[in-house]
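What follows is a short report on a single structure.
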Amino acid sequence: MQSRGNDIDRAVKGTCEWLLKHQKCMSWATSHRGLLWIKGKPGAGKSTLLKYALSKQPNMPSARDSDLVLSFFFHGRGNALQRTPLGLFRSLLHQTLKQIPVALSDLVDSYQEKCREIGAPPEAWQWHPEELWHFLEASIPKILEPRPIWLFVDALDECGEADAVDLAMKFKSLLDSFSSRTTQGIHICFSCRHYPIPPDLEGVLEICVEDENGDDVSTYVRQRLSETFVREASSIADLVTSRASGVFMWARLVLERVLRLERQRASWGTIRHEIYSIPPDMDSLYLDHIHRMENKAASLRLIQWLCFAVKPLSLMEVYWALAVDADCPHKFLKECGSEEDYGTDEDMERRIIALSCGLAEAVTSSHTSVVQFIHQSVKDFFVNKGLLVLDRSSATVDEAIGKAHFSLSRTCIRYILMEEIGQSRSVNSGEIEAQFPFISYAATAWTTHAHQSDRLGVSQDDLLQLFRWPSPELLETWGRVLNVVVTNVLDRQPTKTSLVQVAARYGISGALSAILQDDKQLTENAVVAFLLDGGVELDSKSSFDQTPLSLAAANGHANVVALLLDRGAAVDIKEDDGRTPLLRAARRGHEEVVRLLLEKNADVDATDQEDETALSLATRSAICCQ
Numbered sequence: 002m003q004s005r006g007n008d009i010d011r012a013v014k015g016t017c018e019w020l021l022k023h024q025k026c027m028s029w030a031t032s033h034r035g036l037l038w039i040k041g042k043p044g045a046g047k048s049t050l051l052k053y054a055l056s057k058q059p060n061m062p063s064a065r066d067s068d069l070v071l072s073f074f075f076h077g078r079g080n081a082l083q084r085t086p087l088g089l090f091r092s093l094l095h096q097t098l099k100q101i102p103v104a105l106s107d108l109v110d111s112y113q114e115k116c117r118e119i120g121a122p123p124e125a126w127q128w129h130p131e132e133l134w135h136f137l138e139a140s141i142p143k144i145l146e147p148r149p150i151w152l153f154v155d156a157l158d159e160c161g162e163a164d165a166v167d168l169a170m171k172f173k174s175l176l177d178s179f180s181s182r183t184t185q186g187i188h189i190c191f192s193c194r195h196y197p198i199p200p201d202l203e204g205v206l207e208i209c210v211e212d213e214n215g216d217d218v219s220t221y222v223r224q225r226l227s228e229t230f231v232r233e234a235s236s237i238a239d240l241v242t243s244r245a246s247g248v249f250m251w252a253r254l255v256l257e258r259v260l261r262l263e264r265q266r267a268s269w270g271t272i273r274h275e276i277y278s279i280p281p282d283m284d285s286l287y288l289d290h291i292h293r294m295e296n297k298a299a300s301l302r303l304i305q306w307l308c309f310a311v312k313p314l315s316l317m318e319v320y321w322a323l324a325v326d327a328d329c330p331h332k333f334l335k336e337c338g339s340e341e342d343y344g345t346d347e348d349m350e351r352r353i354i355a356l357s358c359g360l361a362e363a364v365t366s367s368h369t370s371v372v373q374f375i376h377q378s379v380k381d382f383f384v385n386k387g388l389l390v391l392d393r394s395s396a397t398v399d400e401a402i403g404k405a406h407f408s409l410s411r412t413c414i415r416y417i418l419m420e421e422i423g424q425s426r427s428v429n430s431g432e433i434e435a436q437f438p439f440i441s442y443a444a445t446a447w448t449t450h451a452h453q454s455d456r457l458g459v460s461q462d463d464l465l466q467l468f469r470w471p472s473p474e475l476l477e478t479w480g481r482v483l484n485v486v487v488t489n490v491l492d493r494q495p496t497k498t499s500l501v502q503v504a505a506r507y508g509i510s511g512a513l514s515a516i517l518q519d520d521k522q523l524t525e526n527a528v529v530a531f532l533l534d535g536g537v538e539l540d541s542k543s544s545f546d547q548t549p550l551s552l553a554a555a556n557g558h559a560n561v562v563a564l565l566l567d568r569g570a571a572v573d574i575k576e577d578d579g580r581t582p583l584l585r586a587a588r589r590g591h592e593e594v595v596r597l598l599l600e601k602n603a604d605v606d607a608t609d610q611e612d613e614t615a616l617s618l619a620t621r622s623a624i625c626c627q
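Mind the numbering: the sequence shown is residues 2 to 627 in this note's numbering, read in order.
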């Protein structure tokens, strides 16, 4: 969770020094309770500035060796815990536990009690973000008795609009609750774009980065130009700095073009004209990069993966994600690519830079090179508009996103169904992942991408043909591989399963509809002929004793639940532990699913083996969410 801070560039020597001398920063550092918002345009250097402030905390007025210093860097291109409040709270609590465990004795007691009464996490239960915030909030008075607190949170906007606003309000409310000087001081500094946090919050000190960092941009530009001999370096630096308007990312991308022209021995007039021709705003600059992409089909596929992969992908994973097309006709991986075709990591990095026109890069994270956009604003641009420019076949942004998820899911499925993987009998995750580098992602993520594309209206009918429904053979191959690579018991797939159960569990209602649709529309389909003869067992159980309805109810897929109920699925069928679909939905807090089941007269008094009712489970779920 904390690796993002290491990825952020350190301040160039001679930059950021103005911050500690800024009147608002000094007021924040010397106040008893202060909230400082470092705000600015995308790419203006907010993260570098906050990282600098964190490194200089010991030099700030009123700082002491005993201070509790906490930090978190949101990462919109990272994994789930790097871009959600849950990750923030878990990280801050972990940092506090390491330094002052006595302040969180209530958290430890609650954890131990849950483990005794419910079981071990994450299979039996998981922390709710609000629950963790409560423990964090309650620990503050204990911490403040002997020492001040300094909290630095970067890129609040990268956790999403609603969560960013909520967190800013939480920070302000926290400070307001400690107005008394009987405790030590609490200082909170966060960085965020101008939006979505409302401006001029009462009691919040604001520093607008692009209004202050003109000299820093100039220093950065001159240093970059000094790394190689550039004619007219001073004139170029002045021109780039003036047109950058305080945005480092603009200066960085423009300098790459300048240096390329310099290597080509272009004239000063040509370089000057190039700088003036580059759009001044970032979105227009990114659009200009799209127009420069030579292989737009391959570039589109790379951009789709970088926008919507559920986790950052390694260089080797990206290689295979691009090598196995969604419409791949091959049956063997060796027909799609090889280690010789991959070349070296440096070769792959150059390919990524070429396909993205410099908007993506490989960075080292936890000893592994992962591929990501060079900045969060690049991802935002492609998701909001750039993808639609690349994908000429889509009419709307939602359609482009839906097609992207469809393509990603089918690439994953094609990879899983390759002959080499079907023939593998490895039961060791490290062994199978070494042999098939993309298998872990493909096995765990295809259902997520299929669900997202289904949600955005893309037909899932082809899943029947891909998995050769009704034959269970290919689904069993996927289930076998999945159970090797996953660590969480809840993610495992029963050995005996069907496409109906998979579609129900993961909320792929389009596939379920294709299986259950009206007989007259499908009489000419050979697959459906089987369905008409044998019928679809809506209440068939997997080897985990789960029916499609119980799977859909437990996972909160209301649309799938409605579809199954309309086709006559048994509403009160029990699993081995005595739980009905209603009990499953109540335990997970899925209110819409509970409503649908009650409308079908689900038994509200049914009990499981532990004598729990839907009401008792729903009450417990509500308490955990408070």
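In this text, a Cβ means the ideal position worked out from N, Cα and C, and glycines have one as well.
Sub-7 angstroms separation of residue i and residue j beta-carbons
{"i": "Cys413", "j": "Ala443", "result": "yes"}
{"i": "Gly557", "j": "Val501", "result": "no"}
{"i": "Asp289", "j": "Pro281", "result": "no"}
{"i": "Phe309", "j": "Ala446", "result": "no"}
{"i": "Asp284", "j": "Phe382", "result": "yes"}
{"i": "Ile101", "j": "Ser48", "result": "no"}
{"i": "Pro197", "j": "Ala165", "result": "yes"}
{"i": "Pro86", "j": "Pro130", "result": "yes"}
{"i": "Ala615", "j": "Val605", "result": "yes"}
{"i": "Pro122", "j": "Asn489", "result": "no"}
{"i": "Ile574", "j": "Thr548", "result": "yes"}
{"i": "Arg78", "j": "Gln373", "result": "yes"}
{"i": "Glu592", "j": "Gln377", "result": "no"}
{"i": "Leu36", "j": "Leu176", "result": "yes"}
{"i": "Ser67", "j": "Leu105", "result": "no"}
{"i": "Ile422", "j": "Phe439", "result": "no"}
{"i": "Gln494", "j": "Gly511", "result": "no"}
Continuous beta strand (DSSP E) stretch holding residue i: start and end
{"i": "Arg194", "result": "Ile187 to Arg194"}
{"i": "Trp38", "result": "Arg34 to Gly41"}
{"i": "Trp126", "result": "Here Trp126 belongs to no beta strand (DSSP E), and DSSP marks it neither H nor E."}
{"i": "Thr369", "result": "Thr369 to Phe374"}
{"i": "Ala570", "result": "Element bounds for Ala570: n/a, residue is neither H nor E."}
{"i": "Glu207", "result": "Val205 to Cys209"}
{"i": "Asp155", "result": "Ile150 to Asp155"}
{"i": "Ser1", "result": "Here the chain covers residues 2 to 627 and nothing more, so residue 1 does not appear."}
Residue range of the unbroken alpha helix (DSSP H) whose run includes residue i
{"i": "Gly215", "result": "Gly215 to Ser227"}
{"i": "Trp470", "result": "It is not in any alpha helix (DSSP H) - Trp470 carries neither H nor E in the DSSP assignment."}
{"i": "Gln453", "result": "Ile440 to Arg456"}
{"i": "Glu592", "result": "Glu592 to Glu600"}
{"i": "Ser243", "result": "Ala234 to Ala245"}
{"i": "Ala363", "result": "From DSSP, Ala363 is part of no alpha helix (DSSP H) but of the beta strand (DSSP E) over Ala361 to Ser366."}
{"i": "Ser56", "result": "Lys47 to Ser56"}
{"i": "Glu420", "result": "Glu420 to Gln424"}
{"i": "Ile304", "result": "Lys297 to Phe309"}
CA nearest to the CA of residue i, picked from the options
{"i": "Thr220", "options": "Asp239, Met294 and Leu51", "result": "Asp239"}
{"i": "Val222", "options": "Gln113, Leu71 and Arg253", "result": "Arg253"}
{"i": "Glu211", "options": "Leu467, Thr242 and Ser236", "result": "Thr242"}
{"i": "Gly458", "options": "Ala615, Phe437, Ile509 and Met294", "result": "Ile509"}
{"i": "Thr449", "options": "Glu203, Ser408 and Pro122", "result": "Ser408"}
{"i": "Asn60", "options": "Val486, Leu226, Leu21 and Pro281", "result": "Leu21"}
{"i": "Leu307", "options": "His274, Ser441, Leu356 and Thr445", "result": "Leu356"}
{"i": "Arg580", "options": "Ala554, Ala570, Leu565 and Leu564", "result": "Ala554"}
{"i": "Leu260", "options": "Ala234, Leu82 and Gln494", "result": "Ala234"}
{"i": "Thr496", "options": "Pro438, Val482 and Phe179", "result": "Val482"}
{"i": "Phe179", "options": "Ile208, Cys116, Ser32 and Ser430", "result": "Ser32"}
{"i": "Val371", "options": "Cys17, Glu347, Ile208 and Thr478", "result": "Glu347"}
{"i": "Ser612", "options": "Arg258, Leu584, His591 and Arg596", "result": "The sequence shown places Asp at residue 612, rather than the Ser named in the question. It is Leu584."}
{"i": "Arg456", "options": "Asp217, Arg506 and Asp399", "result": "Asp399"}
{"i": "Thr229", "options": "Arg266, Arg34 and Pro200", "result": "Arg266"}
{"i": "Tyr343", "options": "Ser366, Cys329 and Val319", "result": "Val319"}
{"i": "Arg225", "options": "Glu474, Arg11 and Glu257", "result": "Glu257"}
8 angstroms contact criterion, which residue i and residue j should meet: CB distance rounded
{"i": "Ala322", "j": "Cys337", "result": "Actually they do not touch by this definition, with Cβ atoms about 11 angstroms apart."}
{"i": "Ala396", "j": "Leu388", "result": "Not really, about 13 angstroms apart at Cβ, beyond 8 angstroms."}
{"i": "Leu316", "j": "Ala363", "result": "6 angstroms"}
{"i": "Gly204", "j": "Lys173", "result": "7 angstroms"}
{"i": "Lys25", "j": "Leu206", "result": "4 angstroms"}
{"i": "Gln96", "j": "Leu137", "result": "Contact doesn't hold; Cβ gap of about 11 angstroms is too wide."}
{"i": "Leu564", "j": "Val572", "result": "At roughly 14 angstroms, the Cβ-Cβ gap does not stay under 8 angstroms, so Leu564 and Val572 are not in contact."}
>> Does the structure place the segment 151 to 170 close enough to the segment 184 to 199 that three or more beta carbon pairs sit under 8 angstroms?
In response: yes
> Counting pairs of Cβ atoms below 8 angstroms between the segment 73 to 87 and the segment 33 to 46, do you hit three or more?
Replying inline: no
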